[in-house]
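Residue numbers (our numbering), protein chains in the order written: chain A, 5 to 169; chain B, 1473 to 2057. First up is the structure itself, then whatever we jot down about it.
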C-alpha cells in the first residue's frame, strides 16, 4: 500500500543524502520526495511517498527515526489528512485543439502559465488522483513535457505535526 | 576571516582573557582530555599534521601507532569492549580514511562505541580531487552511526562533544568526525559545552511499565520458557548481574548469541550454550520448542534464526532492545520493550517482586527433563587421540584449561572463531572479543592489543586461523612497540577452514582457492618482529607449549598449532534450514 510519510529533520547539509541512502541501502522505494525549510529555518520538512506492507512501513519509520538528524516521523496515511501536489504540463495546442485544451484546464481548475503558438503550459494543484486524471485527459493532445512535485501533506483539523507537538 | 585579522583580534582579547583562544588541533586535544580519553589509536599523515603536532606536546592521553588504519579501528574496538569506555581512532585523509572503513563497519555491526577522527584536505580544496582527498563523510555514511564534517573551527568543540554523546548513548556505535586541515590550524575562543542535548537524538532507556507487566505475566504463564540474550547485555555494562539474578530467580534455561557470551557463566546449569548456525543442539531445540521466548539485547540475526518462519514459531516472543528498529525487523514480536537492557532488567525484577507469583514449577520440571535429554546428545563432543593430528577443538579446550577460563579471548573469523565460541567457556562478560556482525578477518590481533592496553595485567589470547592472521599480521609490530604481550594461537589447517567446509558440503568438495600454498614460517615471522614463536605438531605438546607461552610477559607470542586439515565445525544449521534441522556431525 502507498503511504505518505512526513518527516521533520535538522536543516543541515547531507540530511537528504542520508535519507536517500537509507532507502537504497535497505531496498525500500521512494515514489516521490519533496523537501523545504519550515517556519523554523533550522528545521526542514520532508514528505515522501513509499510503498510496502505494514511491516515494511513500520521499519521505514523506525529506520528514519534512527537517523541522528531526524527529529520526528509521522505516517500521514494512518490518519485523516490532506495531500496536494503541483504539476506543470506543456501540451501541444494546434488551431483545432486549443479551445478543447483550455476547456479541460477550466474543468480541472488548472491555470495557464505560458502560451506559445503551438503549446500551452498549464499549472494544476490537487490530490495525486486529480492530477493523474488531468494528465489522462491531456494525453490525446500530445504532452510535450511534464513535471510534478510529488505530494505534500498535513493532518486534518487543528491537530498539527511540528517539533513542539 | 583572514588569518591576520584573527590574530589581531586574538591580541586584543588576550589582554582580558589569556590562553582562551585555541587552534582546532588544541581544541581537539582539550576535548579528548575532557572526555577522559586514555588511548588513541592512529596513524599520521599530511592532513592531520596540525593535530599530531599537538599530540606531540600533550601528556593527557597516549597515542598508539598502528601499522594500518583498519587496525586502529579494531584496536579502539577491543579497547572499548574491555574498558567500557569509548574507543578513539585518528587517521589521515584519503587512504587513511578508506582503510578505516572496514573497522568502522565492523564496530557499527557490533554496536561498539568508537569515535574516529579523520583529517581532510583544506576546505578550499574539498571537491577539487586534491592529493589524498576522499569524500570521507560520503564513504563512511553507511558504515557509521553518524558522521560529521567540521567546516568551521567554532563548531569543533561542540561537534566532538556530540560525537562522543552519539557514540555512547542509545545503541552504541561508531561516529566519524572529518576535520579539514585548515580547521585544525585555525583558531577561535574555546568554549566547551558541558551539557549536551540533541533534540533529534533522545534514546528511550526506560521500558514502558505496561509492557513490563505484560512481559512478566507472559514469563510467569510459560510452560516451556527460554531466554535468548545477545550483545546488548554485554554493552549495557552492569546488566549481566541482573540477568543472572533473573535467571536464578525464575529457573529458566538461557542461551547466548555469539556476541552475548559470558553474560551468564558457562558453568551455570541454566546455560545451554550458544544458539544459531553453530550453536548447541540443546539451545537450538529449546528455542524451537519453547512457548515463551525472552529475547534481551539480541537482534534475531540470520545466523541465529535459521529459517525465520520456523524460528520459535510456537512461542510468545518478548523482545527487549534499545533500538526500536531491531524490534520486529526479522521476526514478528508479541511484547516489545524499548529500553536499556540494564534498566529494563531491573524493572522486570521489581515487577516480579511485586507480583509475588512464581513460575509453574511442575511445567518447568518437565521442560528441564526434555532439555537434559537434548543435552545428553553431547553435541560438542570430540576425541583427541594422542597419535593423531592435533584437533583444533583440543587446542581451544587446552587454552581454557591452562588459563582456567580466565583469559580475554579475541578471534579472527572462521572455523577457529566458532570453536572458540563453542568450547572456550566464558565465566564473565567483557572477556570475549569477536567480529560477530561483519565477520572481519584480521579483527583479532589488533583487538587483542586494544584489550591488553585496557587490561594490562590480564592474559589476552587471539585465537586465529593461519589465513585470518595474515590480514593484519603487521600489528605484531604494534604489539611489540607497546609491550602488549598478547598471545596468538593459530589453528593452522592450511585452509580457509570455513570456506573449505562450505565447499565440501555445498560445492562438491571443489576447494576453489581456499588452500594457502605458501604459508610463512610463523615461528621465524614472530622472531622477525621480536616476538616469541612456537610450532606445535603433536597433541602431547599442546598443553606444555601453552604453559610456556603464558609465562612470557615481555613480548607477544605466536603459537602455530598444526591441526588436522579437514575438521568441520558441528553442529551446523545449513543455510536456509530451521534451527531444529541441524546436522550434528
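Note that beta-carbon positions come from the ideal geometry of N, C-alpha and C, so glycine has one too.
Sequence-distant residues of its chain with Cβ nearer than 8 Å to residue i (five each side left out)
| i | result |
| --- | --- |
| residue 1874 of chain B | 2015, 2018, 2019 and 2022 |
| residue 1788 of chain B | 1690, 1694, 1763, 1764, 1765, 1806 and 1807 |
| residue 1518 of chain B | 1564, 1565, 1591, 1603, 1604 and 1653 |
| residue 124 of chain A | 94, 95, 97, 102, 105, 106, 109, 116 and 118 |
Same chain, Cβ closer than 7 Å to residue i, neighbours up to 5 away in sequence not counted
| i | result |
| --- | --- |
| residue 1987 of chain B | 1966 and 1967 |
| residue 1631 of chain B | 1620, 1622 and 1649 |
| residue 1811 of chain B | 1676, 1677, 1678, 1679, 1792 and 1794 |
C-beta neighbour in chain A for residue i, strict 8 Å
| i | result |
| --- | --- |
| residue 1673 of chain B | yes |
| residue 1613 of chain B | yes |
| residue 1484 of chain B | Caution applies to residue 1484 of chain B, whose pLDDT of 41 falls short of 50 and renders its modelled position unreliable; the model cannot decide the point. |
| residue 1863 of chain B | no |
| residue 1800 of chain B | yes |
| residue 1646 of chain B | no |
| residue 1579 of chain B | no |
| residue 1593 of chain B | no |
| residue 1728 of chain B | no |
| residue 1480 of chain B | Unreliable positioning characterises residue 1480 of chain B in this predicted model, as indicated by a pLDDT of 36, which lies under 50. A coordinate reading is not provided. |
Span of the alpha helix (DSSP H) around residue i
| i | result |
| --- | --- |
| residue 2018 of chain B | 2011-2023 |
| residue 1522 of chain B | 1521-1529 |
| residue 1503 of chain B | 1496-1506 |
| residue 1720 of chain B | 1711-1722 |
| residue 138 of chain A | 132-142 |
| residue 1888 of chain B | 1887-1895 |
| residue 6 of chain A | Here residue 6 of chain A belongs to no alpha helix (DSSP H); instead the beta strand (DSSP E) covers 6-14. |
| residue 1685 of chain B | 1681-1693 |
| residue 1978 of chain B | 1969-1978 |
Contacts that residue i makes with chain C (C-beta to C-beta distance below 9 Å)
| i | result |
| --- | --- |
| residue 144 of chain A | Protein chains in the displayed structure are A and B, and chain C is not among them. |
Simplified DSSP state of residue i, which is helix, strand or coil
| i | result |
| --- | --- |
| residue 47 of chain A | strand |
| residue 62 of chain A | helix |
| residue 1584 of chain B | coil |
| residue 102 of chain A | helix |
| residue 1618 of chain B | strand |
| residue 1912 of chain B | coil |
| residue 89 of chain A | strand |
| residue 40 of chain A | strand |
| residue 127 of chain A | strand |
| residue 1946 of chain B | coil |
Cutoff 6 Å; reference residue i; Cβ partners in own chain excluding five residues on either side
| i | result |
| --- | --- |
| residue 1645 of chain B | 1580, 1583 and 1617 |
| residue 1861 of chain B | 2036 |
| residue 1635 of chain B | 1587, 1647 and 1649 |
| residue 2006 of chain B | 2017 and 2031 |
N- and C-terminal bounds of the beta strand (DSSP E) containing residue i
| i | result |
| --- | --- |
| residue 1959 of chain B | 1959-1964 |
| residue 28 of chain A | Per DSSP, residue 28 of chain A belongs to no beta strand (DSSP E); it is in the alpha helix (DSSP H), 19-29. |
| residue 1745 of chain B | 1743-1746 |
| residue 1928 of chain B | From DSSP, residue 1928 of chain B is part of no beta strand (DSSP E); its letter is neither H nor E. |
| residue 2005 of chain B | 2004-2008 |
| residue 1790 of chain B | 1788-1793 |
| residue 114 of chain A | From DSSP, residue 114 of chain A is part of no beta strand (DSSP E); its letter is neither H nor E. |
| residue 2031 of chain B | 2029-2034 |
| residue 1838 of chain B | That residue, residue 1838 of chain B, is in no beta strand (DSSP E); its alpha helix (DSSP H) goes 1833-1847. |
| residue 1765 of chain B | 1764-1768 |
Whole-angstrom C-beta distance between residue j and residue i, which should lie under 8 Å
| i | j | result |
| --- | --- | --- |
| residue 1543 of chain B | residue 1928 of chain B | At roughly 19 Å, the Cβ-Cβ gap does not stay under 8 Å, so residue 1543 of chain B and residue 1928 of chain B are not in contact. |
| residue 157 of chain A | residue 85 of chain A | 5 Å |
| residue 1704 of chain B | residue 1768 of chain B | 7 Å |
| residue 1727 of chain B | residue 2043 of chain B | Going by Cβ atoms, the distance from residue 1727 of chain B to residue 2043 of chain B rounds to 13 Å, so no, they are not a contact pair. |
| residue 1692 of chain B | residue 1552 of chain B | Contact doesn't hold; Cβ gap of about 37 Å is too wide. |
| residue 1575 of chain B | residue 1546 of chain B | 5 Å |
| residue 1550 of chain B | residue 1920 of chain B | 6 Å |
| residue 1926 of chain B | residue 1555 of chain B | 4 Å |
| residue 1747 of chain B | residue 1893 of chain B | The pair is not a contact, with the Cβ atoms about 11 Å apart (cut-off 8 Å). |
| residue 1914 of chain B | residue 1943 of chain B | 3 Å |
CB contact check: residue i to chain B, cutoff 8 Å
| i | result |
| --- | --- |
| residue 62 of chain A | yes |
| residue 41 of chain A | no |
| residue 18 of chain A | yes |
| residue 21 of chain A | yes |
| residue 45 of chain A | no |
| residue 77 of chain A | no |
| residue 110 of chain A | no |
| residue 59 of chain A | yes |
| residue 162 of chain A | no |
| residue 69 of chain A | yes |
| residue 25 of chain A | yes |
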